[in-house]
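Q: Could you have a look at this structure, given as structure tokens, before my questions?
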Amino acid sequence: METSRESFDRSASACAIPEALARRLRTARRVAVLTGAGISAESGVPTFRDAQTGIWAHFDPLELATPAAFARQPRVVWDWYAWRRELVAAAKPNPGHFALAAIERRVADFLLITQNVDGLHQAAGSTRIVELHGNIARVKCARGCGSVDAWDDTDGSEPPRCPQCGAFLRPDVVWFDEMLPAEALLRAEQAAGDCELMLVVGTSAEVHPAAALPEAARAGGATVAEVNPNPTPLTDRVDYPLRGRSGIVLPALFAAAWPPSA
Ligand code: OAD
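Numbering (my numbering), first residue to last: 972 to 1233.
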């Protein structure tokens, strides 16, 4: 019985999936998935490093995504994230997100590790997930009081302030020069080291420590498959480089592993 969440286009199996990979996915008890901005590209959320369309082709990360930038121009940074928060809030999950949620429902030990801050995996029904870079929908106190659900944004000259301590509020995302949330990273590293199969989807594999997770999976003996329309530093090192868009390839992979008649 299929749920409506799995009503993505199974005919997308026009994309060739190696039978050995489909079998590996069907029989694996421990699967880890690492996703990056590419999986949300087909939902209209821009990636970071794609040459024409990537965010960092148009904006300087050093001006917007570091603690120093926030100290220098807090309102500019606040406004930029507010703009992205609205963009993400309007986005809907695509067949790639739904396919990963469907895979999760069939695998006993599963972890979806995402670098994305857009919440689209959860919107597609994924539940076993760690967010390595935070979530743009959340706002937190810059001094450490924790998350804030509502804020007063009347004065446009500076960011709103923490209702408890009066410090500026900031997006709950990981900036360059900041540590990743320790528990999330630990869970991700354990899953990578323990899994039998890792799918690496829509990431340029350039930002550490996330970029080291596929290597940890390989070192632990896992099969590694990459889904990306473009080559990455990882491509030559994976067992299955699947060249294509995740919204096409992942539904095809799911359909190959669990054919409709099975
Ligand atoms: P990047 O922008 O670096 O890479 C996106 C990848 O997605 C590229 O390799 C593209 O080829 C690929 N891609 C594009 N369209 C795709 C599609 N339809 N299907 C599959 N893949 C597609 O994004 P990330 O690797 O996620 O950090 O970047 C990692 C981190 O760098 C981000 O989390 C962010 C950024 O600075 C923070 O914000 C802390």
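For every residue, glycine included, the Cβ atom is placed at its ideal position computed from N, Cα and C.
1) For the ligand OAD, is there any heavy atom lying closer than 7 Å to the beta carbon of GLU1034?
2) To the nearest angstrom, how far is it from the Cα of SER978 to the Cα of THR1206?
3) Taking DSSP as the reference, what is the three-state secondary structure of PRO1152?
4) According to the neighbour-count rule (16 or more other Cβ atoms, all chains shown, within 10 Å of its Cβ), is ASP1120 buried or exposed?
5) Name, in chain order, the residues that DSSP records as bridge partners for ASP969.
6) From the DSSP output, in three-state form, read off SER1011 for me.
7) So, with DSSP's three-state summary, where would you put ALA1226?
8) Considering only their Cβ atoms, is the gap separating LEU1184 from LEU1151 smaller than 8 Å?
9) For the ligand HEM, is there any heavy atom lying closer than 7 Å to the beta carbon of ARG1109?
10) Just to confirm my understanding: we take MET972, look at its own chain, exclude 5 residues before and 5 after, and list those with CB closer than 8 Å. What are they?
11) Quick check on SER1217: does DSSP put it in helix, strand or coil?
12) Could you check the C-alpha separation between VAL1195 and ASP1021 for me, to the nearest Å?
13) Residues bridged to VAL1110 by DSSP?
14) Determine, using beta carbons only, whether HIS1068 and ALA1095 come nearer to each other than 8 Å.
15) Any contact of the segment 1212-1227 with the segment 1175-1183, i.e. 3+ C-beta pairs under 8 Å?
16) If you compare alpha carbons, which of ALA1153, PRO1204 and ALA991 is closest to THR1174?
17) Start and end of the alpha helix (DSSP H) containing GLU1057?
18) For the alpha helix (DSSP H) containing ILE1074, list its first residue and its last residue.
19) State buried or exposed for TRP1054, treating a residue as buried only when at least 16 other CB atoms are found within 10 Å of its CB.
20) In this structure, does DSSP put GLY1105 in helix, strand or coil?
21) Confirm the yes/no value for this check: CB of VAL1209, any heavy atom of the ligand OAD, distance under 7 Å.
22) So, at 7 Å on beta carbons, what are the nonlocal neighbours of LEU1035 in its own chain, with the 5 sequence-adjacent residues on each side left out?
23) Tell me which same chain residues have a C-beta within less than 8 Å of the C-beta of VAL1172, skipping the five on either side of it?
24) Between ARG1077 and PRO1038, what straight-line distance do the alpha-carbon atoms span, to the nearest angstrom?
25) In the DSSP assignment, find the alpha helix (DSSP H) that holds ALA1190 and state where it starts and stops.
26) For THR1018, is the beta carbon positioned less than 7 Å from some heavy atom of the ligand OAD?
A: Reading off the structure:
1) By 1-based counting over the sequence shown, the position of residue 1034 is 63. No - the ligand OAD has no heavy atom lying nearer than 7 Å to the Cβ of GLU1034.
2) Counted from its first residue, the sequence shown places residue 978 at position 7. Counted from its first residue, the sequence shown places residue 1206 at position 235. Here the model assigns SER978 a pLDDT of 49, short of 50, so the residue's position is not dependable and the matter cannot be decided.
3) Translated into the one-based positions of the sequence shown, residue 1152 becomes position 181. It is coil, neither helix nor strand.
4) By one-based count along the sequence shown, residue 1120 stands at place 149. So ASP1120 ends up on the exposed side.
5) The structure shown does not extend to residue 969, since the chain is modelled only from 972 to 1233, so the question has no answer here.
6) Within the sequence shown, the letter at position 40 stands for residue 1011. Looking at SER1011 - three-state DSSP - the assignment turns out to be helix.
7) On the sequence shown, position 255 is the one that residue 1226 refers to. Looking at ALA1226 - three-state DSSP - the assignment turns out to be helix.
8) Taking the sequence shown and counting its residues from 1, the one referred to as residue 1151 is at position 180. Taking the sequence shown and counting its residues from 1, the one referred to as residue 1184 is at position 213. Going by C-beta atoms, LEU1151 is not nearer than 8 Å to LEU1184.
9) You won't find the ligand HEM in this model; what it holds is the ligand OAD.
10) Residue 972 sits at position 1 when you count from the first residue of the sequence shown. No answer about MET972 holds up, because its pLDDT of 37 lies below 50 and its placement is not dependable.
11) Residue mapping note: residue 1217 aligns to position 246 of the sequence shown, counting from 1. Of the three classes helix, strand and coil, the one that applies to SER1217 here is helix, per DSSP.
12) Translated into the one-based positions of the sequence shown, residue 1195 becomes position 224. Translated into the one-based positions of the sequence shown, residue 1021 becomes position 50. Going by the C-alpha atoms only, they are around 23 Å apart.
13) Within the sequence shown, the letter at position 139 stands for residue 1110. For VAL1110, which the question treats as bridged, DSSP gives the partners VAL1119 and PRO1142.
14) Taking the first residue of the sequence shown as position 1, residue 1068 is located at position 97. Taking the first residue of the sequence shown as position 1, residue 1095 is located at position 124. The answer is yes: Cβ separation under 8 Å.
15) no
16) Counting from one through the sequence shown, the residue named residue 1174 turns up at place 203. For THR1174, the nearest C-alpha among the options comes from PRO1204.
17) For the purposes of this step, residue 1057 is identified with residue 86 of the sequence shown, where counting begins at 1. That run of the alpha helix (DSSP H) goes 1045-1060.
18) Residue numbering aside, residue 1074 sits at position 103 when the sequence shown is read from its first letter. Element bounds for ILE1074: 1066-1075.
19) In the sequence shown, residue 1054 corresponds to position 83, counting from 1. Label assigned to TRP1054: exposed.
20) Numbered from 1 along the sequence shown, position 134 holds the residue referred to as residue 1105. If DSSP states are grouped into helix, strand and coil, GLY1105 belongs with the strands.
21) As a working mapping, residue 1209 is identified with position 238 in the sequence shown. The answer is no for VAL1209.
22) Taking the sequence shown and counting its residues from 1, one reaches residue 1035 at position 64. Taken in chain order, the residues that qualify are VAL1048 and TRP1051.
23) For the purposes of this step, residue 1172 is identified with residue 201 of the sequence shown, where counting begins at 1. Counting only Cβ-Cβ distances below 8 Å, and skipping sequence neighbours, we find VAL1004, LEU1005, THR1006, GLY1007, GLY1009, ILE1010, GLY1067, LEU1071, GLU1197, VAL1198, ASN1199, SER1217 and LEU1221.
24) Locating residue 1077 in the sequence shown gives position 106, counting from the first residue. Locating residue 1038 in the sequence shown gives position 67, counting from the first residue. Computed Cα separation, rounded: 41 Å.
25) Working through the sequence shown from its first residue, we reach residue 1190 at position 219. Run containing ALA1190: 1184-1190, per the alpha helix (DSSP H) assignment.
26) Numbered from 1 along the sequence shown, position 47 holds the residue referred to as residue 1018. For the ligand OAD, at least one heavy atom lies less than 7 Å from the Cβ of THR1018.
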